[in-house]
Amino acid sequence: AQSVTQLDSHVSVSEGTPVLLRCNYSSSYSPSLFWYVQHPNKGLQLLLKYTSAATLVKGINGFEAEFKKSETSFHLTKPSAHMSDAAEYFCVVRTINTDKLIFGTGTRLQVFP
Amino acid sequence: NAGVMQNPRHLVRRRGQEARLRCSPMKGHSHVYWYRQLPEEGLKFMVYLQKENIIDESGMPKERFSAEFPKEGPSILRIQQVVRGDSAAYFCASSPDYSNQPQHFGDGTRLSIL
């Protein structure tokens, strides 16, 4: 069975400092992995996706993630946090048979001035 | 190009009433997915539909919940005889009719049961 584990429920950073949101996956075959962001009372916006092409994936708003098979990880990073990055972030894996998404429990990012 | 449209954004029902949630996929998308987000939790898959077909309903509760995606019109998630535990945000996502494409989400319907 496929699953994702987000290692931190909350992350707090100061504006201008780097962001690291951690995600580990479990899959018996090469997974399709995504990061989505959810702002309060809004839907989910796709940040980036990994689908077995380049292992370093660049997304929107300066975010990127690196797929590391040896560590079964897909951590999300950003060099410099902005106040507008404060939101809930979900690491997601897609099942191969029916395309449904399996979500991690989310990481709430706080950005302090 | 309009995104995934869900309505209503907020829905209040009393216990025992019916709730109908609507989702219009993005233009050109023929696959629709419904997810439920309980307070302080991630999203959980409910059902996957294509036009006039239910492909996977493994996440749907066995009773009171049903979904459809007719040939014409939006997809409907229907909850009969609602209970307090149905209070949640319900999100719809859509994707095009070819593989390996990400799902695009609507802003959700927040259902509150009094």
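Residue numbers (the numbering used here), protein chains in the order written: chain A, 61 to 173; chain B, -9 to 104. Backbone N, C-alpha and C fix where the C-beta goes; we use that ideal spot for every residue, glycine too. In this text the structure is predicted, and so the values were computed from the model without any measurement.
| Exposed or buried, which one is Ile204 of chain A when buried takes at least 16 other CB atoms within 10 Å? | No information on residue 204 of chain A is available, as it lies outside the stretch 61 to 173 that chain A covers here.
| request: Can you check DSSP and say which residues form a bridge with Pro9 of chain B? | output: With the sequence shown as reference, residue 9 of chain B is identified as Ala, and Pro is not the correct amino acid for it. Bridge partners of Ala9 of chain B: B:Ile69.
| query | How would you write the range of the beta strand (DSSP E) that Met36 of chain B sits in, first residue to last? | reply | Here the beta strand (DSSP E) through Met36 of chain B covers 33 to 40.
| field | CA-to-CA distance, Pro78 of chain A to Phe123 of chain A, given in whole angstroms | value | 10 Å
| said: If I follow the unbroken beta strand (DSSP E) through Ala78 of chain B, where does it start and stop? | reply: Per DSSP, Ala78 of chain B is one residue of the beta strand (DSSP E) stretching across 78 to 86.
| Excluding sequence positions up to five away, which residues of its chain have a Cβ less than 8 Å from the Cβ of Lys118 of chain A? | Leu108, Glu124
| query | How many Å lie between Leu67 of chain B and Phe134 of chain A at the Cα? | reply | 33 Å
| Shortest alpha-carbon distance to Arg5 of chain B belongs to which of B:Gly(-7), B:Arg54, B:Gly18? | B:Arg54
| query | Which residues in chain A sit within 8 Å of Glu58 of chain B, going by Cβ to Cβ distance? | reply | Chain A residues near Glu58 of chain B: none, gap ~18 Å exceeds 8 Å.
| field | Within chain A, the residues that Glu62 of chain B reaches when beta carbons sit closer than 9 Å | value | The contacting residues do not exist; Glu62 of chain B stays about 24 Å from chain A at best.
| query | Over what stretch of residues does the beta strand (DSSP E) that includes Met143 of chain A continue unbroken? | reply | Counting along the chain, Met143 of chain A falls outside any beta strand (DSSP E), and DSSP gives it neither H nor E.
| task | Report yes if the CB atom of Tyr23 of chain B is closer than 8 Å to the CB atom of Gln91 of chain B, and no otherwise. | result | no
| At which residues does the beta strand (DSSP E) containing Val2 of chain B begin and terminate? | 0 to 3
| query | Quick one: any contact between the region 143 to 156 of chain A and the region 80 to 98 of chain A, if contact means 3 or more CB pairs under 8 Å? | reply | yes
| request: State yes or no: is the C-beta of Ser74 of chain A within less than 8 Å of the C-beta of Phe172 of chain A? | output: Result yes, Cβ atoms of Ser74 of chain A and Phe172 of chain A sit closer than 8 Å.
| request: Just the C-alpha distance for Glu131 of chain A and Tyr85 of chain A, rounded to the nearest angstrom, thanks. | output: 9 Å
| said: Using a Cβ-Cβ cutoff of less than 7 Å, which residues in the same chain neighbour Ser56 of chain B once the five nearest sequence positions on both sides are dropped? | reply: So the qualifying residues of the chain are Arg68.
| said: For Leu116 of chain A, which residues in the same chain have their Cβ closer than 6 Å to its Cβ, ignoring the five residues on either side in sequence? | reply: Glu126
| task | Can you tell me which of B:His19, B:Pro29, B:Met16 puts its alpha carbon nearest to the alpha carbon of Arg100 of chain B? | result | B:Pro29
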